[in-house]
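What follows is a set of notes on a single structure, which appears directly below.
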Amino acid sequence: MTAAAHPKRDFLDMADLAPSELSRLLDLAARLKRGEQKRRDALAQKVLAMVFLDPSLRTRTSFEVAMFLHGGHAVVLEPGRTSWAWETQKGVVMDGTTVEHIAEAARVLGRYADAVALRAFPKGSDWTTEREDRVLRDFAHYCEKPVINLESVRRHPCQGLADALTLRERLHDPKGRRCTLMWAYHPKPLPTAVPASAAIAAVSQGMNLTIAHPPGYELDPDDMTTIQRVASDSGGSVEISHKLDESIDGSDVVYVKSWGALRHFGRPSDEAALRSDKRDWRMTEARSHKLSDQGFVMHCLPVRRNIEIDDAVLDGPRAAVVDEAENRLHVQRALLLELIGELSQ
Amino acid sequence: MTAAAHPKRDFLDMADLAPSELSRLLDLAARLKRGEQKRRDALAQKVLAMVFLDPSLRTRTSFEVAMFLHGGHAVVLEPGRTSWAWETQKGVVMDGTTVEHIAEAARVLGRYADAVALRAFPKGSDWTTEREDRVLRDFAHYCEKPVINLESVRRHPCQGLADALTLRERLHDPKGRRCTLMWAYHPKPLPTAVPASAAIAAVSQGMNLTIAHPPGYELDPDDMTTIQRVASDSGGSVEISHKLDESIDGSDVVYVKSWGALRHFGRPSDEAALRSDKRDWRMTEARSHKLSDQGFVMHCLPVRRNIEIDDAVLDGPRAAVVDEAENRLHVQRALLLELIGELSQ
Amino acid sequence: MTAAAHPKRDFLDMADLAPSELSRLLDLAARLKRGEQKRRDALAQKVLAMVFLDPSLRTRTSFEVAMFLHGGHAVVLEPGRTSWAWETQKGVVMDGTTVEHIAEAARVLGRYADAVALRAFPKGSDWTTEREDRVLRDFAHYCEKPVINLESVRRHPCQGLADALTLRERLHDPKGRRCTLMWAYHPKPLPTAVPASAAIAAVSQGMNLTIAHPPGYELDPDDMTTIQRVASDSGGSVEISHKLDESIDGSDVVYVKSWGALRHFGRPSDEAALRSDKRDWRMTEARSHKLSDQGFVMHCLPVRRNIEIDDAVLDGPRAAVVDEAENRLHVQRALLLELIGELSQ
């Protein structure tokens, strides 16, 4: 977990974890899920402050439940709605609509809570700037307590942990098995945090990953470098394909996810033009039969039914999406125990 | 409590309870209210996820407090505001503004929580379709944990339980006593879930119920059949009157409530035309003096002062509305103990 | 703490506390902060209902954490957003957009909770009416449980308590030391509740207070009388100055805060004209060096960076704003223990 300005451990990117750290975390999550460990007081008197600059169902609920199950408490804040609108730029003369600077918010929440979690999606301005993930990075810098990334511009590491646990559960030993990260059509250009994190999760388990997407939908080169590095460390591999059906054929897992073309980032109409003829990039029932015998379909949710994945797949036996969502709870319990629980001391 | 697709007990409609089940629940609520039972750990490690597609004060607060008082925790979600906007239609191609299907939401919340509660008001489109209460029914179908109805198109059963407890408290033995469910004017055509549930509550206690409303404000025929059936089971009776003052005269209870004319459902201007000359359907101080000696006035709240009920009545000794609201807390504590507490095993 | 219509203690104004009561409360807060007292079960089974008619970050989080740390629970309500829009006028015919009267809300929440806290900012209509603080006063009148003011038109007493604790911590013995309450420019005319409360806090500790503001920015005469009275009781003093730099020079504390001109209350364009040439009323780094050797800068937050206070001051060693915000937590823990905790019996 990343060292920051303060002597504390943040959790901003799953790729920051050493393989042994990740393995220990997932083992703990599995034991918590099976009820082998309860640790009902492991977070007693502990507070997690969660800040959502963007909406959430699973993240919010699973963290709130995780804190509760171990005797702690989560506070949920939504700046601009239930609290003051936040300014995220440094050095700005705050003469506009934002009322509170992230510097004060991060410092103050660090005084009230034992850890602070932040969700901050990209704003769709300019990729060169946004890719620096400054809101998350600055927040972690200003806050003197551990900061947890609830999905930033570049990463969704708690989703990545849940994905890794799901791969382990279903495949027992994922090493050397085939995973396809499948780009899907969607009415909007979505962020790349989840596909980058899902790719890291798959290769962190030593899987052979194919990222299947139409030309123009390349992930950020820096993300590709990270995925490659994690693959090398874990004995996995990564390759790119523009042929969807060929990639799916025989895959043990297909992770379906839509994302926008970074080359058109911030220009939605250009992006829509590139995307408009790709509605066939969809997980249909026919395609689901091309997976390996025990092959299954993942998605981080929320999913657009019959746009990204068809009803027949989501309501059928190959869908692992609900298990995957449930695993958010268990990996986050493990994460919280490691960061601020009795195990952290 | 209704059997659903899964081997679990939902609480969707008070009329699904056998008289003995209802009686046991209300007895428990009364004991909890009097503090004769504490059961402080009866919901330890238990989570209730509450989903509000529509606003709430009493429901949200009373359930959150109920969970806390017994060691549990309630998570509050508001799709479209603090979480993703929900799609409720089956088989739809999700190419529009909704982001998450109720199928996924219900399944996922069922993994995080021990019970899931849902508020879903009618949308004012078409009564033939809406009367099927599909959002609630589908949600209960998809969710593998007990589902609690926090007010749907057709029912508000937790309000019904609170109403029944209030009648018992004030009348000791409500059997054979007179209750008038009084239609009141209101600037908007409100749903019929509360009047249907209040009627069920009154007859479930063996009361002789008069539903007093202007012509055109009949409840759904299927609701009338249910009210009749519950009345028969409990030794009560139900009749309709169009004469307000005659109905109130000598009543032991007047339950004031406004609702819209179902014949004009989804056509607010037609409905407004029917309603416009009925401002006199209001609980005035003069009318409150026509009740029996110990007679009292109920309302589910929120109430429009001086439109539905006059200040002098609400601030006077005949108003039972605050006790009625308080009873939400106690019946829900009993309900939760029965559904997911130590009593449920 | 004020006696209300019911035999209960509210906390509406810090100036209602006798010096000995205030001193005891701040002593308890300091011990709780240092961890000398834990009192982990002092609020077991206790509920605080918090009602925000306006946004909040610190207030909401610190009260929610305060309840949790002592075994209690806070419910957060936001009428008009997550619950029904409230009517605050007496005797009104509720034929408009408000759905629930404050009378019912206050009475009902008093049944669900052991204390009820309310935030209700001025609405910017007419000072003659608004200065009566009727929403808070009426709410406290209707509610049968202790009511806590989370910032009303006239007072922010929990901020005042935190300010007093911060002065004690930093100055050890604040008596006879110099505090400047400095008016600052801001793009909007803000309420006077915080400056009035900060002034009360400073003189309650026996400080010699200078309120430095441009002509036209006088506080309400009734607030000045209260500040004078508290100063007399505590051996402090208060004076007004229109010369900013002279006031700051040698001050032990400068409390920076913006507020609107009451003479133009409800007429924002007139007020803006008066304010427009006063952008130099800002805490710059140069000004911060004019304080006494150990002098420090306070602000209630949220603060407009580089409008009210410059980055260099907020990010430098003289800023006490984060400590001040943290102290909200500890004074409120003490307040809750006194009002509804084991100490209250």
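Chains as they are written, first to last, in the working numbering: chain A, 1 to 345; chain B, 1001 to 1345; chain C, 2001 to 2345.
Glycine included, every Cβ here is placed at the ideal spot set by N, Cα and C.
Beta bridge counterpart(s) of residue i as assigned by DSSP
i, result
"M1050(B)", "V1076(B) and A1117(B)"
"C1179(B)", "L1209(B) and V1253(B)"
"F63(A)", "None; F63(A) has no bridge partner."
"R305(A)", "I309(A)"
"V1319(B)", "In the sequence as presented, Val is not what sits at residue 1319(B); that position holds Ala. DSSP, once it has assigned bridges, lists V1297(B) as partnering A1319(B)."
"W86(A)", "E100(A)"
Under 8 angstroms between C-beta atoms of residue i and residue j
i, j, result
"V253(A)", "L167(A)", "yes"
"M1050(B)", "L1336(B)", "no"
"S204(A)", "H156(A)", "no"
"A1113(B)", "T1097(B)", "no"
"E169(A)", "R1111(B)", "no"
"L2165(C)", "A2030(C)", "yes"
"V194(A)", "K257(A)", "yes"
"P1187(B)", "D2095(C)", "yes"
"E2342(C)", "A2042(C)", "yes"
"D220(A)", "R119(A)", "no"
"W183(A)", "P215(A)", "no"
"Y255(A)", "C179(A)", "yes"
"K75(A)", "V2065(C)", "Looking at the sequence provided, one finds Val at residue 75(A) rather than Lys. Cβ distance < 8 angstroms, so V75(A) and V2065(C) count as in contact."
"V238(A)", "P191(A)", "no"
"Y1185(B)", "R1275(B)", "yes"
8 angstroms Cβ cutoff, residue i in contact with chain C
i, result
"L339(A)", "no"
"R137(A)", "no"
"L77(A)", "yes"
"R1168(B)", "no"
"P1019(B)", "no"
"P1268(B)", "no"
"R1058(B)", "yes"
"E1064(B)", "yes"
"P1146(B)", "no"
Cutoff 8 angstroms: residue i Cβ touching any chain B Cβ
i, result
"A15(A)", "no"
"K2008(C)", "no"
"R304(A)", "yes"
"T372(A)", "Nothing can be reported for residue 372(A): it is not among the residues displayed for chain A, which extend from 1 to 345."
"H2289(C)", "no"
"A117(A)", "no"
"E326(A)", "yes"
"Y2255(C)", "no"
"R2279(C)", "no"
"G2176(C)", "no"
"M2094(C)", "yes"
"L26(A)", "no"
"H2073(C)", "yes"
Minimum Cβ-Cβ distance from residue i to chain A less than 8 angstroms
i, result
"I2307(C)", "yes"
"A1049(B)", "yes"
"A1105(B)", "yes"
"E2342(C)", "no"
"V1108(B)", "yes"
"E2100(C)", "no"
"H1070(B)", "no"
"W1127(B)", "no"
"H1141(B)", "no"
Check your understanding: Unbroken alpha helix (DSSP H) runs of length 4 or more, entirely within the stretch 1097-1148 of chain B: which are they?
Key -> Entirely contained in the stretch 1097-1148 of chain B, the alpha helix (DSSP H) runs reaching 4 residues are, in chain order, 1102-1112, 1127-1130 and 1134-1142.
Check your understanding: Which runs of the alpha helix (DSSP H), 4 residues or longer, sit entirely within the stretch 227-289 of chain A?
Key -> Secondary structure within the stretch 227-289 of chain A: the alpha helix (DSSP H) runs of 4 or more consecutive residues, fully enclosed, are 244-248, 268-275 and 285-288 (chain order).
Practice item. Count the CB pairs spanning the stretch 1105-1120 of chain B and the stretch 54-66 of chain A that are closer than 8 angstroms, and state whether there are at least three. Key: Contact holds: three or more Cβ-Cβ distances are below 8 angstroms.
Practice item. Decide yes or no for the touch test of the stretch 2204-2222 of chain C against the stretch 2284-2297 of chain C: beta carbon pairs closer than 8 angstroms, at least 3 of them. Key: The answer is no - the stretch 2284-2297 of chain C does not touch the stretch 2204-2222 of chain C, with fewer than three Cβ pairs under 8 angstroms.
Point to revise | At least three beta-carbon pairs within less than 8 angstroms, the stretch 1259-1266 of chain B to the stretch 1306-1324 of chain B | key: The stretch 1259-1266 of chain B, when compared against the stretch 1306-1324 of chain B, does not touch it at the 8 angstroms Cβ threshold.
Point to revise | Stretch pair the stretch 2132-2152 of chain C + the stretch 2007-2023 of chain C: three plus CB contacts closer than 8 angstroms | key: The stretch 2132-2152 of chain C vs the stretch 2007-2023 of chain C: in contact.
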